[in-house]
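Last residue of the sequence shown: 560 in our numbering, with the numbers rising by one and none dropped.
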Amino acid sequence: MGERKGLNKYYPPNFDPRKIPRIRKPKNQQKKFRSMVPLRIRCNTCGNYMSAGTKINCREEKVIGETYLGIKIHRFYFKCSKCCAELILKTDSKNSSYVVESGATATRVCDHHEEEKQAEESGDVMSSLEKRTLVSKREIEVMAALDEMKSMKSRRVSVSVDSMLEALSRRHKAEEEVAKEEDAALIKSIRFGMQRRIVDEETDEMKEKKKKGRMDAIDEKKPKTKKLACIITSKKKKKMTSLGLASLCQNYGADEED
303 MGERKGLNKY YPPNFDPRKI PRIRKPKNQQ KKFRSMVPLR IRCNTCGNYM
353 SAGTKINCRE EKVIGETYLG IKIHRFYFKC SKCCAELILK TDSKNSSYVV
403 ESGATATRVC DHHEEEKQAE ESGDVMSSLE KRTLVSKREI EVMAALDEMK
453 SMKSRRVSVS VDSMLEALSR RHKAEEEVAK EEDAALIKSI RFGMQRRIVD
503 EETDEMKEKK KKGRMDAIDE KKPKTKKLAC IITSKKKKKM TSLGLASLCQ
553 NYGADEED
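Right, here's the structure in full:
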């Protein structure tokens with residue numbers, strides 16, 4: 303196992319390390335390693351956004367002939383995570399940040415503190431004051447909302463299941479008592495004996511009215527029959543008188559002839 307891992311090697315007594323030929327590497331030789339994107343960028347070919355902290359496999363090299371106060375500048379090559387286009391970044395030691403050389407554009411996240419600093423430096427004091435007042439108002443509103451949330455949580459914590467059940471039972475008892483009182487008041491307001499008497503009186507009156515109606519109907523029918531009888535007798539009398547006159551005329555004519 304030791305021979306396979308190369309932990310123990312044999313050096314002969316005539317070994318001279320100065321005789322080993324050294325490999326000369328170029329000054330700007332690239333190194334491969336795995337890193338993360340230092341800033342938010344957007345690919346120019348596909349429009350894909352790569353946020354800061356995205357892991358990438360990159361190649362690093364030193365920029366020849368560029369330094370800042372003796373600090374060496376490094377260049378990084380890596381590929382887009384979507385279209386595999388080559389993107390190049392370079393260190394900016396003056397501003398302690400990075401610069402996009404080609405293949406992408408840096409997208410900046412809005413930072414209110416940096417904007418305020420720039421406004422103060424430029425001399426626009428009134429706009430910076432307005433922004434500060436707005437920020438302070440927002441902070442006050444957020445704190446008030448947090449206090450309300452904390453108070454609500456404390457109330458919920460203080461309320462237990464037993465107390466809730468007790469409150470519900472009390473409410474049900476109060477509702478039952480109110481219902482009983484209403485039923486008792488309704489029963490007291492109703493007078494059953496008086497209602498029976500009124501009903502009996504109404505039935506008697508209805509019977510009397512029905513009897514009177516029947517008698518009136520009978521009385522109305524009687525004169526009609528009498529009228530019909532009178533009309534029939536008058537017609538018979540007229541017929542008899544007409545027949546009597548006719549017979550008298552005939553007898554009178556016969557006497558004259560004789």
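Backbone N, C-alpha and C define an ideal beta-carbon position, used for all residues, glycine too.
Given the structure is predicted, the values throughout are model-derived calculations rather than measurements.
When you compare the CB positions of C360 and R336, do they come within less than 9 Å of one another, or not? yes
Report the three-state DSSP secondary structure of E443 (helix, strand or coil). helix
Looking at the strands, I want to know which residues DSSP matches up with A561. No answer is possible for residue 561: it lies beyond the span of the chain, which begins at 303 and ends at 560.
Kindly examine the ligand PLP and report whether one of its heavy atoms sits closer than 8 Å to the Cβ of I343. For the ligand PLP, the structure offers nothing, since it holds no ligand at all.
Examine the Cβ distances between the region 386–401 and the region 315–330 and report whether three or more of them are shorter than 8 Å. no
Would you identify the three-state DSSP class for S395, choosing helix, strand or coil? coil
So with Cβ pairs under 9 Å, would you call M454 a contact of chain C? Here there is only one protein chain, and chain C is not present.
Which residue marks the beginning of the beta strand (DSSP E) containing F317, and which one marks its end? Where F317 is concerned, there is no enclosing beta strand (DSSP E), given that its DSSP letter is neither H nor E.
So for A354, helix, strand or coil by DSSP? coil
Length of the line joining the Cα atoms of E368 and I375: 6 Å
Count the other CB atoms, across all protein chains shown, that sit within 10 Å of the CB of E559; report buried if there are 16 or more and exposed otherwise. Summary for E559: the model assigns pLDDT 48, below 50, so the residue's position carries little reliability; its value from the coordinates is reported in the next sentence. So E559 ends up on the exposed side.
Determine which residues share a DSSP beta bridge with V401 and list them. K392
Following the continuous beta strand (DSSP E) through Y312, name the residue where it begins and the one where it ends. That residue, Y312, is in no beta strand (DSSP E); it is neither H nor E in DSSP.
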